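Below is one structure, written out as structure tokens; the observations come after it.
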Amino acid sequence: MKTIQNNNAFTLVEFLVYLVLSGIVATSIINLFITNSQVHQHQENITTTFQEVRTALSIIAGDIRSAGCDPLKSNTMGFVNDSNDHLDCDSNSIHFTRDITGESDGQAISPDEDICYYLDSDSIIRSDNGDLLVIGDNITNLSFSYFNSDGDDITGEVSSGTYTNIRTVEINITAQSGDADFFTKKANTMSLHTRVKVRNMGL
Numbered sequence: 051m052k053t054i055q056n057n058n059a060f061t062l063v064e065f066l067v068y069l070v071l072s073g074i075v076a077t078s079i080i081n082l083f084i085t086n087s088q089v090h091q092h093q094e095n096i097t098t099t100f101q102e103v104r105t106a107l108s109i110i111a112g113d114i115r116s117a118g119c120d121p122l123k124s125n126t127m128g129f130v131n132d133s134n135d136h137l138d139c140d141s142n143s144i145h146f147t148r149d150i151t152g153e154s155d156g157q158a159i160s161p162d163e164d165i166c167y168y169l170d171s172d173s174i175i176r177s178d179n180g181d182l183l184v185i186g187d188n189i190t191n192l193s194f195s196y197f198n199s200d201g202d203d204i205t206g207e208v209s210s211g212t213y214t215n216i217r218t219v220e221i222n223i224t225a226q227s228g229d230a231d232f233f234t235k236k237a238n239t240m241s242l243h244t245r246v247k248v249r250n251m252g253l
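The numbering of the sequence shown is the numbering used here, which starts it at 51 and goes up by one.
Below, the structure is given as structure tokens:
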């Protein structure tokens, strides 16, 4: 009787080698997928955080632009001094009034008329007649600088309680991503600033 040999069959050793190599390839593919997913999620978090910073800066600038709006010339609108550090005007907060809601009445008692911004922990707070709203998170710095009509920095003067010469306000915001960069293991940071002319002051 003839013995038939099948040279196309796998030996046990070849099969085991195949399993090991397949496992290595599969593990590499899974790890690559996980890494890509983590990088993608991190980039989304960065984009979301920094978009919030841009939005917050735009909101603050828009509000400051109309500070002191006083259609009735009541001389009661403008920047506000307060013993509470969150409710005055200095390098870490800004507080102002404006007569803009509904029919002018010379009072800042309607919504959007008594506005204050300050940093609480890592959140930017917008106070609207005492109603608080978070407009930005993961913030490491919120600061304000004040300038007179000649462009001179009068932040020190303002911090002492003299607000009449404010004509321009500079806003500075620094934020960091909520999680560390996948590669550097450090948080990504972003700083934005803008200057706003306070068009109603000095009229």
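All residues carry an ideal CB built from backbone N, CA and C; glycine is no exception.
Being a predicted model, the structure only gives us computed values, none of them experimental.
Check: Proximity winner among S209, L66, V63, N179, relative to S143 (alpha-carbon distances); Outcome: S209
Check: Selection from N95, S108, T77 that minimises the alpha carbon distance to R245; Outcome: S108
Check: I221 beta carbon less than 8 Å from that of F197; Outcome: no
Check: Test: D187 CB closer than 8 Å to a CB of chain C; Outcome: Absent from the structure: chain C. Only one protein chain is present.
Check: Y68 classed as buried or exposed, judged by whether at least 16 other C-beta atoms fall within 10 angstroms; Outcome: exposed
Check: Local Cβ density within 10 Å of L192, reported as buried at 16 or more and exposed below that; Outcome: buried
Check: At least 3 beta-carbon pairs within less than 8 Å: the segment 99-108 vs the segment 130-146; Outcome: no
Check: Nearest-angstrom Cα separation, counted from T214 out to M251; Outcome: 8 Å
Check: Nonlocal neighbours in the same chain, by C-beta distance under 7 Å from L242, ignoring five residues either side; Outcome: V103, R104, L107, I223
Check: Sequence-distant residues of the same chain with beta carbon closer than 8 Å to E153, five excluded per side; Outcome: none
Check: M127 vs T151 beta-carbon contact at 8 Å; Outcome: no
Check: Collapsed DSSP secondary structure at V130 in the structure displayed; Outcome: coil
Check: Enclosing alpha helix (DSSP H) for G206 [first to last residue]; Outcome: 205-209
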